[in-house]
Ligand code: ZN
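In my numbering, the protein residues as written are 44 to 333.
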């Protein structure tokens, strides 16, 4: 049976939490769909902008505002840009798992998905020297067997589900658990900015002001609800100058809210685990019982 997640208590009297997260998809976003995209020099350069220009700009932004963040990195991105990924670690941020080639896991069986998870883990460990504790499925596409694969590999948390606005303990088969820190499509810059001919469809390129209005309004709602605001940005999108400038305004506003804990997903997961919450079971709807 699926039950609602209970709200959590935040440390130091805070009323809510906020995490600015960055998915360094780079070329993997396209190559995971088709290796044929490798032939497209301009499209590849659009994706390379993320690690080459976006990440350094975002690291400066975070440093100026004394914010630590979580960066989700596909293993191939780590292999292609090892110095960029090490710079993220050196600046005190968290690097977490985001597939190997940003593969959609939808429809994969456990053996296929496990091989991708292990390949991504190997790449991140060899580049950073650290084993990640966090995972975000590419396209946020978890399978019902995915939490068990993550628990098998010692992950502390996942950030791919959408059924709450605060973290919870997800029950995993075998009396295990995984902290879940939920996300939502409205808090993703992809839906605002992503236009890649021959890949993303005819997506609009929205004004950063409109994007920030959506995100700021949802931040206020989640703050009142005592939840965890998780914004997902992509350096190849939000690393562009006007978007980064507007993102910085939002970071500054969130940081100015004394009742909000601005931190990494890893810190939120550590805190959630210490609360010793009762794990929630989420059940798959049975197609034979509709
Ligand atoms: Zn991604």
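Note that CB positions come from ideal geometry on N, CA and C, so glycine has one too.
Just so it is clear, the structure is predicted and the values come from calculations on it, not from any experiment.
Original post:
Which value, in whole angstroms, describes the spacing of the CA atoms of residue 65 and residue 247?
Top reply: Walking along the chain shown from the start, residue 65 turns up at place 22. Walking along the chain shown from the start, residue 247 turns up at place 204. For residue 65 and residue 247, the distance between alpha carbons rounds to 21 Å.
**OP:** Just grab the DSSP bridge partners of residue 140 for me.
**Re:** Here the question's residue 140 lines up with position 97 in the chain shown. According to DSSP, residue 140 bridges with 116 and 178.
Original post:
Hey, residue 175 and residue 185: beta-carbon distance below 7 Å or not?
Top reply: Here the question's residue 175 lines up with position 132 in the chain shown. Here the question's residue 185 lines up with position 142 in the chain shown. Not a contact, by the Cβ cut-off of 7 Å.
Original post:
Is the beta carbon of residue 111 less than 7 Å from the beta carbon of residue 135?
Top reply: Walking along the chain shown from the start, residue 111 turns up at place 68. Walking along the chain shown from the start, residue 135 turns up at place 92. A contact, by the Cβ cut-off of 7 Å.
Original post:
How many Å lie between residue 298 and residue 333 at the Cα?
Top reply: Taking the chain shown and counting its residues from 1, the one referred to as residue 298 is at position 255. Taking the chain shown and counting its residues from 1, the one referred to as residue 333 is at position 290. The straight-line gap from Cα to Cα measures roughly 46 Å.
Subject >> heavy atom of the ligand ZN below 6 Å from residue 181 C-beta >> reply: Looking up residue 181 in the chain shown gives position 138. Indeed, a heavy atom of the ligand ZN lies less than 6 Å from the Cβ.
Subject >> Rounded straight-line distance, which links the Cα of residue 143 to that of residue 200 >> reply: Residue numbering aside, residue 200 sits at position 157 when the chain shown is read from its first letter. Residue numbering aside, residue 143 sits at position 100 when the chain shown is read from its first letter. Each residue's alpha carbon lies about 18 Å from the other.
Subject >> Residue interval of the beta strand (DSSP E) (run including residue 53) >> reply: Looking up residue 53 in the chain shown gives position 10. Counting along the chain, no beta strand (DSSP E) covers residue 53, and no H or E run does either.
Subject >> Residue nearest to residue 285 in terms of C-alpha spacing, selected from 243, 97 and 56 >> reply: By one-based count along the chain shown, residue 285 stands at place 242. Nearest of 243, 97 and 56 to residue 285, Cα basis: 97.
Subject >> Residue of 121, 179 and 268 minimising C-alpha distance to residue 221 >> reply: Walking along the chain shown from the start, residue 221 turns up at place 178. Of 121, 179 and 268, the residue nearest in Cα terms is 179.
Subject >> Contact under 7 Å by Cβ, residue 61 with residue 305 >> reply: Position 18 of the chain shown, counting from 1, holds the residue named residue 61. Position 262 of the chain shown, counting from 1, holds the residue named residue 305. Yes, the Cβ-Cβ distance between residue 61 and residue 305 is below 7 Å.
Subject >> Contact under 7 Å by Cβ, residue 334 with residue 269 >> reply: What the structure shows of the chain is the stretch from 44 to 333, and residue 334 is not part of that stretch, so it cannot be assessed.
**OP:** For residue 82, verify whether its CB is less than 6 Å away from any heavy atom of the ligand ZN.
**Re:** One-based indexing of the chain shown puts residue 82 at position 39. False, no ligand heavy atom lies under 6 Å from that Cβ.
**OP:** Just list the alpha helix (DSSP H) runs in the stretch 152-202, keeping only unbroken ones of 4 residues or longer that don't cross its boundaries, in chain order.
**Re:** 153-171 and 189-195
**OP:** Please report the residue range of the beta strand (DSSP E) in which residue 222 lies.
**Re:** Taking the chain shown and counting its residues from 1, the one referred to as residue 222 is at position 179. Segment 219-223, the beta strand (DSSP E) holding residue 222.
**OP:** Starting from residue 48, follow the beta strand (DSSP E) in both directions and report where the run begins and ends.
**Re:** Here the question's residue 48 lines up with position 5 in the chain shown. Where residue 48 is concerned, there is no enclosing beta strand (DSSP E), given that its DSSP letter is neither H nor E.
Subject >> Own chain, CB closer than 8 Å to residue 291, minus 5 neighbours either side, in chain order >> reply: The residue you call residue 291 lines up with position 248 of the chain shown. Annotation for residue 291: 104, 107 and 108 place their beta carbon closer than 8 Å to its own, counting only its chain and skipping 5 residues before and after.
Subject >> CB of residue 282 within 7 Å of CB of residue 137, strictly >> reply: The residue given as residue 282 occupies position 239 in the chain shown. The residue given as residue 137 occupies position 94 in the chain shown. Cβ atoms of residue 282 and residue 137: not closer than 7 Å.
Original post:
To which residues of the same chain is residue 57 closer than 7 Å at the C-beta, ignoring the five residues directly before and after it?
Top reply: Taking the first residue of the chain shown as position 1, residue 57 is located at position 14. Excluding the 5 residues flanking it on each side, residue 57 has same chain C-beta neighbours closer than 7 Å at 302, 303 and 304, in chain order.
Original post:
Among residues of its own chain, excluding the 5 on either side of residue 276, which ones have a beta-carbon nearer than 6 Å to its beta-carbon?
Top reply: Position 233 of the chain shown, counting from 1, holds the residue named residue 276. 65 and 232, listed in sequence order.
Subject >> CB of residue 145 within 7 Å of CB of residue 72, strictly >> reply: One-based indexing of the chain shown puts residue 145 at position 102. One-based indexing of the chain shown puts residue 72 at position 29. Yes; because the gap between Cβ atoms is below 7 Å, this pair is in contact.
Original post:
Taking the alpha-carbon positions, what's the residue 241 to residue 74 distance?
Top reply: What you label residue 241 is simply residue 198 of the chain shown in a count that begins at 1. What you label residue 74 is simply residue 31 of the chain shown in a count that begins at 1. So the two alpha carbons sit approximately 13 Å from each other.
Original post:
If you check the beta carbons only, do residue 254 and residue 235 fall under 7 Å apart?
Top reply: Position 211 of the chain shown, counted from the start, is the residue given in the question as residue 254. Position 192 of the chain shown, counted from the start, is the residue given in the question as residue 235. Yes. Within cutoff.
Subject >> Cβ-heavy atom distance, residue 231 to the ligand ZN, below 6 Å >> reply: Position 188 of the chain shown, counting from 1, holds the residue named residue 231. Residue 231 has its CB no nearer than 6 Å to any heavy atom of the ligand ZN.
Subject >> Where residue 327 falls: helix, strand or coil (DSSP) >> reply: Indexing the chain shown from 1 puts residue 327 at position 284. In the structure shown, residue 327 sits in coil (DSSP, three-state: anything other than H, G, I, E or B).
**OP:** Note down, one range per segment and in chain order, each alpha helix (DSSP H) of at least 4 residues found wholly within the stretch 253-289.
**Re:** 278-281
Original post:
When DSSP labels each residue in this structure, what does residue 311 get in the three-state scheme?
Top reply: Your numbering for residue 311 matches position 268 in the chain shown. In the structure shown, residue 311 sits in a helix (DSSP, three-state: H, G or I).
Original post:
Exposed or buried, which one is residue 323 when buried takes at least 16 other CB atoms within 10 Å?
Top reply: Against the chain shown, residue 323 aligns to sequence position 280. Buried, by the Cβ-count rule.
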